[in-house]
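The structure appears below as structure tokens.
Residue numbers (the numbering used here), protein chains in the order written: chain C, 1115 to 1430; chain D, 10 to 224.
Below you can see the structure in the form of structure tokens.
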């Protein structure tokens, strides 16, 4: 077993700041560093751990300066770096945001914060497929997190539904810890980066293309999936002990919407090039803006958002 | 060279200086045929060295204290004031990976002799006047798990009838199997009520109350 040591950041005090950053993924952490360096007072609040979905990535091979690093380690580096500058309050969910004149009152599980500006770097969460068996068998073989649950399937067969980058990475991770995954992709071609395609081929992981998974089967436990060959319309069965679902992401923009921030029809927050939303002194950065779901882009957007906040609060 | 890096130690010292108030005991129960006992002891010693308020003790899983607290597995790590918290805030298996952060937060809360919950949740916690044991199955690579562990431990800090126990599913596969643990965090209350996921306090307490009402 490899021993890692993840450190907590547990700021508890209520306070007034220039900038509240909601969400401590790569976008939020980067925004925090830029905000403090620019001269703003800031706090980052996250309902879970700092690191965001980057933590879920078994490995990352396209972040500049790191040829290959576990998502968990990269997230730790981000957090260590940001913590040198900015207070991070983890496992502290923001429950409500109330505009008060020119400021915002942010009510969290522990503590209340008053901020002149807000960056929403709330990210995304895993999307559900909405097929029979998915909900019923959650925790009985259906999972959305390979780093959490992959271990339980050592030596067993599992289906990974979704062959995009995250599904591909999940399958590679599973194979490398001794699980036997097969990937089921809706589109008639590889939907992941070429680099992952090669890793999948090198490891001999079956990648079923042009298939629609119609049902997860099982009573007390997952026994497999049913899927339709989209070309022939034939229904096939695949026996498996587990099903990992990686069919895309949904934005977490409910809090932002509550204070009037506009989103597109999928719920991603609309921003301009400076990461400003339609609401003055409210910004968004990272996956919640609906860009490519890449760590490096999120970090970049976080920096832009913080600099825009600085411009709006200090220079105008 | 220890387990915890020098840089991390510096950070933890700062946190402990800021938040630690009263004494905290870090008890590690060890025994035979235990792959991770030495590691657990070494980590606890390293944490003890970071602040004067932290006292480390090694105990045998066969000693009186282990019997009194109903401890059976090794390693078990208990965080306590040595008094009212007894052995109710504990980790069965190594608190490594993400659970290391839970252990640090527990040390801070035990030293503060309190934990944060909303008034509404506190009111429900205060109703519980019979023993309730919350077990949280985790894997060390699960980013969502510390939230569920910490909730169990915060509840245990606030109510003397509640025991919060993390169980490391990778180290105890048969135990995990017995309860059909296939996704973590998997929460088991009084070996009866079960749920999966890192729910907010308001939902978590409902399951605890449900198990309590069955007593």
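Glycine residues also receive a C-beta, built at the ideal position from the N, C-alpha and C atoms.
Exercise. Helix, strand or coil: how does DSSP classify residue 1199 of chain C here?
Worked result: It is coil, neither helix nor strand.
Problem set entry | As assigned by DSSP and simplified to three states, the class of residue 131 of chain D | In the structure shown, residue 131 of chain D sits in a helix (DSSP, three-state: H, G or I).
Problem set entry | Residues in the segment 101-116 of chain D having any Cβ partner in chain C nearer than 7 Å | Here the close residues are 105, 106, 107, 109, 110, 113 and 114.
Exercise. Among C:1257, C:1265 and C:1351, which one has its Cα closest to the Cα of residue 206 of chain D?
Worked result: Of the candidates C:1257, C:1265 and C:1351, the one whose C-alpha sits nearest the C-alpha of residue 206 of chain D is C:1257.
Problem set entry | Neighbour list for residue 153 of chain D in chain C, Cβ cutoff strictly below 9 Å | The answer, in chain order, is 1162, 1163, 1259 and 1262.
Exercise. Just curious, the alpha helix (DSSP H) that residue 221 of chain D is in, first and last residue?
Worked result: In this chain, the alpha helix (DSSP H) harbouring residue 221 of chain D covers 210-222.
For this session: Leaving aside the five residues before and after residue 1357 of chain C along the sequence, list all residues of the same chain whose C-beta is less than 7 Å from its C-beta, in chain order.
Result: Annotation for residue 1357 of chain C: 1255, 1256, 1272, 1273, 1275, 1330, 1336 and 1339 place their beta carbon closer than 7 Å to its own, counting only its chain and skipping 5 residues before and after.
Problem set entry | Between the CA atoms of residue 1285 of chain C and residue 109 of chain D - distance to the nearest angstrom | Distance between the alpha carbons of residue 109 of chain D and residue 1285 of chain C: 27 Å.
Problem set entry | Other residues of its chain near residue 1170 of chain C: CB distance less than 7 Å, five sequence neighbours each side excluded | So the list reads 1185, 1259 and 1261, once near-sequence residues are dropped.
Exercise. Is residue 1234 of chain C close to chain D, meaning its C-beta is less than 7 Å from at least one C-beta of that chain?
Worked result: With 7 Å as the cut-off, residue 1234 of chain C does not count as an interface residue toward chain D.
Exercise. What span of residues does the alpha helix (DSSP H) with residue 82 of chain D cover, start to end?
Worked result: For residue 82 of chain D, no alpha helix (DSSP H) encloses it, and the DSSP letter there is neither H nor E.
Exercise. Hey, is residue 234 of chain D's beta-carbon within less than 7 Å of any beta-carbon in chain C?
Worked result: Only positions 10 to 224 of chain D appear in the structure, and residue 234 of chain D is not among them; the question remains open.
Exercise. Exposed or buried, which one is residue 1128 of chain C when buried takes at least 16 other CB atoms within 10 Å?
Worked result: Exposed, because fewer than 16 other Cβ atoms sit within 10 Å of the Cβ of residue 1128 of chain C.
For this session: Would you mind telling me which residues of chain D sit closer than 7 Å to residue 1122 of chain C, beta carbon to beta carbon, in chain order?
Result: Within chain D, the residues near residue 1122 of chain C are 110, 113 and 114.
Exercise. Just the Cα atoms here: how many angstroms apart are residue 1278 of chain C and residue 179 of chain D?
Worked result: Residue 179 of chain D has its alpha-carbon roughly 29 Å from the corresponding atom of residue 1278 of chain C.
Problem set entry | Residue-level contact to chain C via CB, residue 136 of chain D, 7 Å cutoff | No, residue 136 of chain D lies away from the interface with chain C (no Cβ there is under 7 Å from its Cβ).
Exercise. What are the start and end residues of each continuous beta strand (DSSP E) run of 3 or more residues lying completely inside the segment 1247-1291 of chain C, in chain order?
Worked result: Listed in chain order, the complete beta strand (DSSP E) runs (minimum 3 residues) inside the segment 1247-1291 of chain C are 1271-1275.
Problem set entry | Against chain C: residues of the segment 190-206 of chain D by CB proximity under 9 Å | Cβ proximity to chain C below 9 Å picks out 190, 191, 192, 193, 194, 195, 203, 204, 205 and 206 from the segment 190-206 of chain D.
For this session: Report the neighbours of residue 1255 of chain C on chain D: residues whose CB is nearer than 8 Å to its CB, in chain order.
Result: Going along chain D in sequence order, the residues near residue 1255 of chain C (Cβ under 8 Å) are 191.
Exercise. On the premise that residue 165 of chain D lies in contact with residue 97 of chain D, defined as a C-beta separation below 8 Å, what is that separation, rounded to the nearest angstrom?
Worked result: Contact annotation, residue 97 of chain D with residue 165 of chain D: C-beta distance approximately 5 Å; criterion of less than 8 Å satisfied.
Problem set entry | Neighbour-count burial assignment, residue 1380 of chain C, 16 or more Cβ in a 10 Å radius | Exposed is the call here.
Problem set entry | Outcome for residue 134 of chain D when other beta-carbon atoms lying within 10 angstroms are tallied against a minimum of 16 | By the neighbour-count rule (16 or more Cβ atoms within 10 Å), residue 134 of chain D is buried.
Exercise. Could you check where the alpha helix (DSSP H) with residue 30 of chain D kicks off and where it finishes?
Worked result: Counting along the chain, residue 30 of chain D sits inside no alpha helix (DSSP H), nor does DSSP assign it H or E at all.
Exercise. For residue 1419 of chain C, is the classification buried or exposed, using 16 other Cβ atoms within 10 angstroms of its Cβ as the cut-off for buried?
Worked result: Residue 1419 of chain C comes out buried.
Exercise. Going by C-alpha distance, which of D:101, D:26, D:18 and D:177 is nearest residue 40 of chain D?
Worked result: If we check each option's Cα against that of residue 40 of chain D, D:101 comes out closest.
Exercise. Residue 1205 of chain C and residue 1162 of chain C look like a contact to me (Cβ under 8 Å); what is the Cβ gap, rounded to whole Å?
Worked result: Confirmed, Cβ separation roughly 6 Å.
Exercise. What does a CB cutoff of less than 8 Å around residue 1292 of chain C pick up in its chain, not counting 5 residues either side in sequence?
Worked result: Its chain contains 1268 and 1269 as the residues whose beta carbon lies nearer than 8 Å to that of residue 1292 of chain C, once the 5 sequence neighbours on both sides are disregarded; these appear in chain order.
Exercise. Which residues mark the beginning and the end of the alpha helix (DSSP H) in which residue 69 of chain D is found?
Worked result: Element bounds for residue 69 of chain D: not the alpha helix (DSSP H) but the beta strand (DSSP E), 63-69.
Exercise. Would DSSP call residue 1115 of chain C helix, strand or coil?
Worked result: Because the pLDDT at residue 1115 of chain C is just 42, under 50, the model does not fix this residue reliably, and the value given afterwards should be weighed accordingly. In the three-state scheme derived from DSSP, where H, G and I count as helix and E and B as strand, residue 1115 of chain C is classed as coil.
Problem set entry | Test: residue 125 of chain D CB closer than 7 Å to a CB of chain C | Interface criterion met: the Cβ of residue 125 of chain D is under 7 Å from a Cβ in chain C.
Problem set entry | residue 1158 of chain C versus residue 71 of chain D - alpha carbon distance | Residue 1158 of chain C and residue 71 of chain D have their C-alpha atoms some 45 Å from each other.
Problem set entry | residue 1249 of chain C beta carbon less than 7 Å from that of residue 1230 of chain C | The criterion of a C-beta distance shorter than 7 Å is not satisfied by residue 1230 of chain C and residue 1249 of chain C.
Exercise. Mind pulling the chain C residues with CB within less than 8 Å of residue 159 of chain D?
Worked result: Result: 1205.
Exercise. Cβ of residue 1169 of chain C less than 7 Å from any chain D Cβ?
Worked result: True, the Cβ-Cβ gap to chain D drops below 7 Å.
Exercise. Mind checking if residue 1105 of chain C is an interface residue toward chain D, Cβ cutoff 7 Å exclusive?
Worked result: Outside the displayed span of chain C (1115 to 1430) sits residue 1105 of chain C, for which this structure offers no information.
Exercise. In whole angstroms, what separates the C-alpha of residue 36 of chain D from that of residue 191 of chain D?
Worked result: Computed Cα separation, rounded: 30 Å.
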